[in-house]
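To get the numbering used here, take the position in the sequence shown, counting from 1, and add 5.
In what follows, a single structure is set out as structure tokens and then discussed.
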Amino acid sequence: MNREVKGKVVVVTGAANGLGLAMVTSFLDQGVRFAILLDMDEQKGKESLANLKQKFGNDRAVFYKCDVSKDLDKIFETIKNNHKHIDILVNNAGVLDEGNLKRTMDINSIAVMEWTVKFYKYMSLANGGTTHTNMADYPNAWEDSVNEFVEDLKSNYDWQDPSAIGEGTVEIFRKADSGSAWVVEGSRSAEKIKV
Numbered sequence: 006m007n008r009e010v011k012g013k014v015v016v017v018t019g020a021a022n023g024l025g026l027a028m029v030t031s032f033l034d035q036g037v038r039f040a041i042l043l044d045m046d047e048q049k050g051k052e053s054l055a056n057l058k059q060k061f062g063n064d065r066a067v068f069y070k071c072d073v074s075k076d077l078d079k080i081f082e083t084i085k086n087n088h089k090h091i092d093i094l095v096n097n098a099g100v101l102d103e104g105n106l107k108r109t110m111d112i113n114s115i116a117v118m119e120w121t122v123k124f125y126k127y128m129s130l131a132n133g134g135t136t137h138t139n140m141a142d143y144p145n146a147w148e149d150s151v152n153e154f155v156e157d158l159k160s161n162y163d164w165q166d167p168s169a170i171g172e173g174t175v176e177i178f179r180k181a182d183s184g185s186a187w188v189v190e191g192s193r194s195a196e197k198i199k200v
């Protein structure tokens with residue numbers, strides 16, 4: 006599989022701001038031909054798209070309002086019809102809804118699996134290869150089940166800029182083998198970890 010990002014088409018969920026937007030920006034900086042931003046926050050998504058168009062040009066990105074737990078089939082058809090193929094899928098969307106754990110599970114787990122399966126089949130047929138990156142933002146993911154873990158992490162690791170995650174995501178795309186786990190800490194390069 007070609008690990009070069011130049012000329013590729015990337016889809017990033019949860020891309021209106023924060024880590025997702027940093028990933029999109031890094032992919033575009035590295036020469037991705039086109040970025041598809043998906044997010045529930047339509048206002049922020051449109052603002053981010055306008056900023057990306059100003060920086061990279063009008064023909065390098067598009068935004069679609071999308072709830073990953075509900076809109077898979079509709080968005081998949083839109084992407085397939087409007088963009089013909091994609092090369093990279095980054096499942097970045099995530100929420101912590103303490104009042105609705107089902108919603109948290111639907112977005113953080115079920116949607117990741119559903120999107121990966123749906124896009125895997127399409128990407129395999131369309132291009133002969135696929136890349137999926139599943140992101141986990143632990144400080145925001147599963148408060149009840151990882152609260153102690155998160156507190157430990159917060160006390161042991163420095164805050165990092167979202168752009169470091171964005172750059173690390175591109176680096177992981179270029180280097181990672183299927184099924185491997187990688188981490189980006191601080192401003193250091195991404196590194197493979199044993200799980």
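Positions of the beta carbon are idealized from the N, C-alpha and C atoms, including for glycine.
Asked                                                                                                      : Found
Same chain, Cβ closer than 7 Å to residue 46, five either side skipped, listed in chain order              : 21
Test item: CB-CB of residue 91 and residue 16 under 7 Å                                                    : yes
Cβ neighbours of residue 51 in the same chain (closer than 8 Å, five flanking residues each side left out) : 68
Boundaries (first-last residue) of the beta strand (DSSP E) holding residue 196                            : 196-198
Contact set for residue 176: own chain, Cβ-Cβ below 7 Å, skip 5 residues either direction                  : 194 and 195
Pick from 181, 23 and 9 that is closest to residue 168, judged by C-alpha positions                        : 23
Of the listed residues 95, 94, 113 and 181, nearest to residue 101 (C-alpha basis)                         : 113
Cβ neighbours of residue 35 in the same chain (closer than 6 Å, five flanking residues each side left out) : 10 and 175
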